[in-house]
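In order, the protein sequence lines correspond to chains A and B.
Numbered per the working numbering, the first sequence spans residues 530 to 734.
Numbered per the working numbering, the second sequence spans residues 38 to 261.
Heads up, the thing below is written out as structure tokens.
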Amino acid sequence: MPHDHSDHDHPHSLLPSDPALRVKALETILTQKGLVDPAALDEIIDTYENRIGPRNGAEVVARAWSDPEFKAGLLENADPLLAELGFYGRQGEHMVVVENTDDVHNMVVCTLCSCYPWPLLGIPPGWYKSDAYRARAVREPRKVLAEFGVTLPEGCAVRVWDSTAEVRYLVLPQRPKDTDGLDASALADLVSRDSMIGCGLAGAS
Amino acid sequence: MTRVHDMGGRFGDGPVTPEPENVKFHADWHPRALALTLACGSLGLWNIDVSRHAREGLAPKDYARFAYYEKWIAALADLLVETGALTADELAAGQAQADSPLAKKMLKAEAVAGVLARGGPADRPSNVAPRFAVGDRVRLRAHPENVTVPGGHTRLPAYAAGSQASIVRMHGSHVLPDSNAHHLGEAPEPLYAVALRAADIWAHPEHPDDEVILDVWDSYLEPA
Numbered sequence: 530m531p532h533d534h535s536d537h538d539h540p541h542s543l544l545p546s547d548p549a550l551r552v553k554a555l556e557t558i559l560t561q562k563g564l565v566d567p568a569a570l571d572e573i574i575d576t577y578e579n580r581i582g583p584r585n586g587a588e589v590v591a592r593a594w595s596d597p598e599f600k601a602g603l604l605e606n607a608d609p610l611l612a613e614l615g616f617y618g619r620q621g622e623h624m625v626v627v628e629n630t631d632d633v634h635n636m637v638v639c640t641l642c643s644c645y646p647w648p649l650l651g652i653p654p655g656w657y658k659s660d661a662y663r664a665r666a667v668r669e670p671r672k673v674l675a676e677f678g679v680t681l682p683e684g685c686a687v688r689v690w691d692s693t694a695e696v697r698y699l700v701l702p703q704r705p706k707d708t709d710g711l712d713a714s715a716l717a718d719l720v721s722r723d724s725m726i727g728c729g730l731a732g733a734s
Numbered sequence: 038m039t040r041v042h043d044m045g046g047r048f049g050d051g052p053v054t055p056e057p058e059n060v061k062f063h064a065d066w067h068p069r070a071l072a073l074t075l076a077c078g079s080l081g082l083w084n085i086d087v088s089r090h091a092r093e094g095l096a097p098k099d100y101a102r103f104a105y106y107e108k109w110i111a112a113l114a115d116l117l118v119e120t121g122a123l124t125a126d127e128l129a130a131g132q133a134q135a136d137s138p139l140a141k142k143m144l145k146a147e148a149v150a151g152v153l154a155r156g157g158p159a160d161r162p163s164n165v166a167p168r169f170a171v172g173d174r175v176r177l178r179a180h181p182e183n184v185t186v187p188g189g190h191t192r193l194p195a196y197a198a199g200s201q202a203s204i205v206r207m208h209g210s211h212v213l214p215d216s217n218a219h220h221l222g223e224a225p226e227p228l229y230a231v232a233l234r235a236a237d238i239w240a241h242p243e244h245p246d247d248e249v250i251l252d253v254w255d256s257y258l259e260p261a
């Protein structure tokens, strides 16, 4: 029987207690041992600070709003279409896109940790990773939505997707009314990050 | 019994605080902690399920008081010592005390883009045939626990354990975290999205039509 080591022996307590010093100490030791390249850390940070973020997802949503064939393919089997757009990668290997309608509002959470579609939305916001969101989104999604300023019509059901496996979910928000003449870039500007998690509506600022 | 990370449905946490899209991190050490964790993953000493279990395995008092990236860095330090990449003496001294044979696996800056773009898909061929199809009624395992390793990793949240559900989507076959987190093999199984009625899992559901959907492996299920 394999033993579960993790209930004792916590070496992390040997590091400084201040978290900034803790990270610094670990980076120093790992760099000295040749296990970490500080330039690689800079590269990872630059990727998620400046290159991969929710504008990727917004581009996908805007395209789905204006291209029915793309939208149908996206809802049926998203991965090949997203890969073609260059939005495949770490924490987005198995994507499912779920569509909001007049009858169903979708919302995404990870109650067990912080699973999130990185290639489309970047690093999750603080609130997505918070105990409050993880605890409450499944039990009282409408109260959580109210804290984002969203109130759903009485007849609309809420479907909360708890990301318990390596499948990552993206919400396809409803296209705002009176947006017929807008091009892809103007449509993408209407798509907030929160609307693609299901905690906002597109077109609401 | 569950671990502290399994908080779905818990009471008492207070409001959720929205924040603007341009806020990525809240302190300079946050992105550093993230990057260190990703870079160390390339050493090949563990998989994603092992690293999740390391965070969940923090003492409950630490899990509760640590900020998000503090959990990451604590779990990383624990894993590095557990796998022998670093020694406890090195952590205590804040200095390396010997070269590492793993240095040849170090993630180089020029390899970062490729590693992030390749990701780590979890789908695998499996010799376990799906027992269920879309529309089938099922019941989730009664105990939100690892059935092989006491106190081990599982992805069945406590709020869902024992509930009736309907299969709404087939995801193919995926690595089983309950096995992979303990270096017991990937043991791939069919993975399904199942829908639970809010009214079946909460005493005070907000709306009769609301549902919670989660992803579960074949062995988490029995016919209803």
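We treat Cβ as the ideally placed atom computed from N, Cα and C, and that holds for glycine.
Leaving out the 5 sequence neighbours to the left and right, which residues in its chain are closer than 7 angstroms to Y100 of chain B when beta-carbon positions are compared? V41, H42 and K108
Taking 8 angstroms as the CB-CB limit, is W239 of chain B close to chain A? yes
Name the DSSP beta bridge partners of Y698 of chain A, please? A:V625
Considering only the alpha carbon of each residue, which of B:D160, B:N164, B:Q201 and B:R168 lies closest to V175 of chain B? B:Q201
Within 8 angstroms of chain B by C-beta, residues of the segment 587-620 of chain A in sequence order: Y617, G618, R619 and Q620
Can you tell me whether V589 of chain A is buried or exposed, with buried defined as 16 or more other CB within 10 angstroms of its CB? buried
Counting only C-beta atoms, is E223 of chain B closer than 8 angstroms to chain A at any point? no
According to DSSP, which residues form a beta bridge with W272 of chain B? Residue 272 of chain B is absent from the structure shown; chain B starts at 38 and stops at 261.
Where does H539 of chain A fall in DSSP's three states? coil
Shorter than 8 angstroms from the beta carbon of H208 of chain B to some beta carbon of chain A? yes
Can you give the Cα-Cα distance for L614 of chain A and G602 of chain A, rounded to whole angstroms? 13 angstroms
Can you find a CB in chain B that lies within less than 8 angstroms of the CB of L719 of chain A? no
Sort B:E226, B:R168 and B:H180 by Cα distance to I204 of chain B and report the nearest one. B:R168
Whose C-beta lies closer than 8 angstroms to the C-beta of S535 of chain A among residues of the same chain, with five residues either side of it excluded? In this prediction, S535 of chain A has a pLDDT of 46, which is less than 50 and means its spatial position is unreliable; what the coordinates show is noted afterwards. Nothing listed; no residue qualifies.
Could you tell me which of B:A159, B:D246 and B:D50 sits nearest to H623 of chain A, measuring between CA atoms? B:A159
Can you give me the Cβ contacts of G732 of chain A inside the same chain, cut-off strictly under 6 angstroms, excluding the 5 residues immediately before and after it? P705 and L719
Return the CA-CA distance between D608 of chain A and G156 of chain B, expressed in angstroms with no decimal places. 13 angstroms
Per-residue contacts from W83 of chain B into chain A (C-beta, under 9 angstroms): Correct list: empty, because the minimum Cβ distance to chain A is about 12 angstroms.
Quick one: is Y662 of chain A near chain B, going by C-beta distance under 8 angstroms? yes
Comparing the C-beta of H180 of chain B with each C-beta of chain A, is any distance below 8 angstroms? no
Mind checking whether L564 of chain A and L153 of chain B have CB atoms under 8 angstroms apart? no
Report yes or no: is there a C-beta of chain A within less than 8 angstroms of the C-beta of D255 of chain B? no
Using only the alpha-carbon positions, how far apart do V633 of chain A and V679 of chain A sit? 14 angstroms
Comparing alpha-carbon positions, which option in B:D215, B:H244, B:A140 and B:H190 lies nearest L681 of chain A? B:H244
Helix, strand or coil for A130 of chain B, going by three-state DSSP, please let me know. helix
For M530 of chain A, name the three-state secondary structure that DSSP assigns. In this predicted model, M530 of chain A has a pLDDT of only 39, less than 50, meaning its place in the structure is not dependable enough to derive any value.
Does G563 of chain A come within less than 8 angstroms of chain B when only Cβ atoms are used? yes
Below 6 angstroms CB to CB, which residues in the same chain sit around K125 of chain B once its five sequence neighbours on both sides are set aside? The sequence given here places Ala at residue 125 of chain B; Lys does not occur at that position. Correct list, in chain order: V118.
Pick from A:V696, A:E628 and A:A554 that is closest to A129 of chain B, judged by C-alpha positions: A:A554
Looking at the unbroken alpha helix (DSSP H) that takes in A148 of chain B, where does it start and where does it end? That residue, A148 of chain B, is in no alpha helix (DSSP H); it is neither H nor E in DSSP.
Bridge partner(s) assigned by DSSP for V565 of chain A: B:L144
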